[in-house]
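Some notes on the structure that comes next.
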Amino acid sequence: MGVEKVAVVVAGEVSPFELGVACEVFGTDRSASGMPGWDFAVCSPGGEPVRSWSGFEVGALSPLERAADADLLVVPTCAPRTSPPPDALLDVLRTAHERGAWVAGFCAGVFALGYAGLLDDRDCTVHWVYEREFTERFPTAKIDATALYAEDRGVFTSAGTVAAVDLCLHLVRKVRGLAAATALARRMVASPHRPGGQAQFVEAPVPEAKASDDAVLAEVLEWIERRLDQPITVAELARRTGLGQRSFLRRFAAATGTTPHRWLTERRLDRAQGLLENGALSVEEIAVACGYASAAALRHQFTRLRGTSPSAYRRAFRTPSTAPPSA
Numbered sequence: 556m557g558v559e560k561v562a563v564v565v566a567g568e569v570s571p572f573e574l575g576v577a578c579e580v581f582g583t584d585r586s587a588s589g590m591p592g593w594d595f596a597v598c599s600p601g602g603e604p605v606r607s608w609s610g611f612e613v614g615a616l617s618p619l620e621r622a623a624d625a626d627l628l629v630v631p632t633c634a635p636r637t638s639p640p641p642d643a644l645l646d647v648l649r650t651a652h653e654r655g656a657w658v659a660g661f662c663a664g665v666f667a668l669g670y671a672g673l674l675d676d677r678d679c680t681v682h683w684v685y686e687r688e689f690t691e692r693f694p695t696a697k698i699d700a701t702a703l704y705a706e707d708r709g710v711f712t713s714a715g716t717v718a719a720v721d722l723c724l725h726l727v728r729k730v731r732g733l734a735a736a737t738a739l740a741r742r743m744v745a746s747p748h749r750p751g752g753q754a755q756f757v758e759a760p761v762p763e764a765k766a767s768d769d770a771v772l773a774e775v776l777e778w779i780e781r782r783l784d785q786p787i788t789v790a791e792l793a794r795r796t797g798l799g800q801r802s803f804l805r806r807f808a809a810a811t812g813t814t815p816h817r818w819l820t821e822r823r824l825d826r827a828q829g830l831l832e833n834g835a836l837s838v839e840e841i842a843v844a845c846g847y848a849s850a851a852a853l854r855h856q857f858t859r860l861r862g863t864s865p866s867a868y869r870r871a872f873r874t875p876s877t878a879p880p881s882a
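Using the numbering used here, read the sequence shown as starting at 556 and increasing by one per residue.
This is the structure:
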């Protein structure tokens with residue numbers, strides 16, 4: 556889907572950080588750095604000012620009508636979450652979704668999507684603090700309160716405040732490609748990619764470890780990065796750290812919030828995206844370079860986790876100067 560027009564919709568008291576995240580990603584002019592921008596607006600009922608949680612007023616807003624033809628609508632946390640936002644805002648969200656626009660909620664802004672009926676029978680996430688309350692209010696939503704962000708049929712949700720950055724970069728990746736998202740993350744001094752399935756926090760306690768353990772794990776991650784084209788097993792990784800497999804898995808989860816298999820899969824797909832965007836290799840050659848036994852295996856994982864086929868991704872995001880073979 557092409558996303559050119561982005562609207563943030565707010566009412567009540569807004570989280571200044573989450574509003575700032577949307578403005579930083581979609582509303583900042585970076586054309587001087589070669590990054591094309593978006594047609595961007597922050598909208599409220601009647602264009603009226605809103606207050607932030609920090610007490611200052613946010614003014615010079617656009618009316619909700621400005622969001623009527625937006626390709627992406629973003630809802631940051633707005634208090635109170637315990638009651639629905641104004642009908643006019645809910646109507647804008649419903650209408651946008653019906654016409655095929657993307658709708659995203661940050662943290663407790665996800666409640667607004669629930670009040671609009673957009674999360675019925677949909678995968679979603681929310682800040683883990685709100686899981687019980689959210690489940691009681693929206694029992695038909697398929698909530699996973701351990702995920703950083705989730706996506707289901709054009710509806711996007713993120714967990715606690717900083718996860719809004721991860722979701723925004725995920726959206727940029729889907730619209731503009733991996734290179735654009737990585738460049739933006741670099742400008743923002745942010746992690747270029749944390750998978751949506753990565754845990755919000757680690758519930759299980761992990762054993763105390765020597766100060767050198769994190770350095771050892773970082774060394775192993777670098778070792779993996781240099782060998783993405785090769786078979787890699789948990790047993791081999793554990794041996795390199797000097798830990799037993801179970802201890803290694805606990806340490807890995809504590810450091811990354813995910814499993815070695817998922818982390819490795821994401822890194823291989825990131826490499827595949829980069830090669831599809833910037834290289835002239837065939838999908839078969841890219842599969843080999845990324846450690847897959849066949850192009851079919853790469854296509855399966857890429858389509859499952861990136862939502863499109865490698866060839867479709869290449870057509871959408873390849874660098875104009877490259878002329879790769881058909882795949």
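Glycine included, each C-beta is placed from N, C-alpha and C at the ideal position.
Open item on the list: Please report whether the beta-carbon of glycine 575 lies at a distance below 7 Å from any beta-carbon of chain C.
Closed with: Given the protein chain composition of this structure (a single chain), no chain C is represented.
Open item on the list: Please return the same chain residues whose Cβ sits closer than 6 Å to the Cβ of valine 565, not counting the five positions on each side in sequence.
Closed with: Ser599, Val605 and Cys633, listed in sequence order.
TODO: Identify every residue that forms a DSSP beta bridge with cysteine 679.
DONE: The secondary-structure analysis by DSSP pairs cysteine 679 across a beta bridge with Ile698.
Open item on the list: For arginine 806 and isoleucine 779, what's the separation of their Cα atoms in angstroms?
Closed with: Rounded to the nearest angstrom, the two C-alpha atoms are 16 Å apart.
Open item on the list: Let me confirm a value: valine 580 is counted as buried when at least 16 other C-beta atoms fall within 10 Å, else exposed. Which label applies?
Closed with: Using a 10 angstroms sphere on the CB of valine 580, the tally of other CB atoms reaches 16 or more, which defines it as buried.
Task: Cβ distance (whole Å) where valine 558 is taken to contact valine 730 below 8 Å - done: About 5 Å separates the CB atoms of valine 558 and valine 730; that is less than 8 Å, so the two are in contact.
Task: Distance CB(alanine 696)-CB(valine 629) smaller than 7 Å - done: For alanine 696 and valine 629, no; Cβs fall outside 7 Å.
Open item on the list: What does the alpha-carbon distance come out to for the pair tryptophan 818 and valine 561?
Closed with: Computed Cα separation, rounded: 31 Å.
Open item on the list: At the level of alpha carbons, what is the spacing between alanine 745 and arginine 654?
Closed with: Their backbone Cα atoms lie some 33 Å apart in a straight line.
Task: The alpha helix (DSSP H) enclosing glutamate 821, as first and last residue numbers - done: Looking at the DSSP string, the run of the alpha helix (DSSP H) that includes glutamate 821 is 815-833.
TODO: Report yes if the C-beta distance between phenylalanine 666 and alanine 719 is below 7 Å; otherwise report no.
DONE: No; because the gap between Cβ atoms is not below 7 Å, this pair is not in contact.
Open item on the list: Quick check: the Cα distance between alanine 766 and leucine 772, rounded to an integer number of angstroms?
Closed with: In this prediction, alanine 766 has a pLDDT of 38, which is less than 50 and means its spatial position is unreliable; what the coordinates show is noted afterwards. Distance between the alpha carbons of alanine 766 and leucine 772 is about 11 Å.
Task: Start and end residues, alpha helix (DSSP H) containing valine 730 - done: Its alpha helix (DSSP H) spans residues 718-731.
- [ ] Compute the distance between the beta-carbons of cysteine 845 and arginine 870, then report whether it is under 7 Å.
- [x] Between cysteine 845 and arginine 870, the gap from beta carbon to beta carbon reaches 7 Å or more.
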